[in-house]
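Numbering (the numbering used here), first residue to last: 21 to 109. Where is the CB? At the ideal position from N, CA and C, for every residue including glycine.
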C-alpha cells in the first residue's frame, strides 16, 4: 500500500427544476395538483424538496446565489474601485 487514500467521488448535483418537474409530473399523473412557492420565489421550497429527497441542489442554477454574487461584486467594486453601479449580467 502506498499510503494514498482512495479519493471519494464528487457529490452529484442537479438543477432543482429538473427534479421538481419530475415530482410534479408524477403527482399530476396521480390526479393531484401540487403548488410550490405560493408566497413568492419557489426556489427555496424547491431546494427544500430536493434536500428531503437526499439531493444537493445545484448552486449554479440558483437565482438567489447569482443575486448574492452580483451584490457582493457591486459592493467590492464600490469599495475597491470607487465605481458605484450595478455589475453587468
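task = Assign residue 72 to one of two classes, buried (16 or more other C-beta atoms within 10 Å of its C-beta) or exposed (fewer than that).
result = exposed
ask   = Alpha carbon to alpha carbon, how far is residue 76 from residue 27?
value = 20 Å
ask   = What three-state label does DSSP hand residue 86 in the structure shown?
value = helix
message = For residue 68, which residues in the same chain have their Cβ closer than 6 Å to its Cβ, ignoring the five residues on either side in sequence?
response = none
key: Cα-Cα separation, residue 25 to residue 54   = 46 Å
task = Could you tell me whether the Cβ atoms of residue 36 and residue 70 are closer together than 8 Å?
result = yes
task = Would you identify the three-state DSSP class for residue 59, choosing helix, strand or coil?
result = coil
key: Integer Cβ distance of residue 65 from residue 56, believed to fall under 8 Å   = 5 Å
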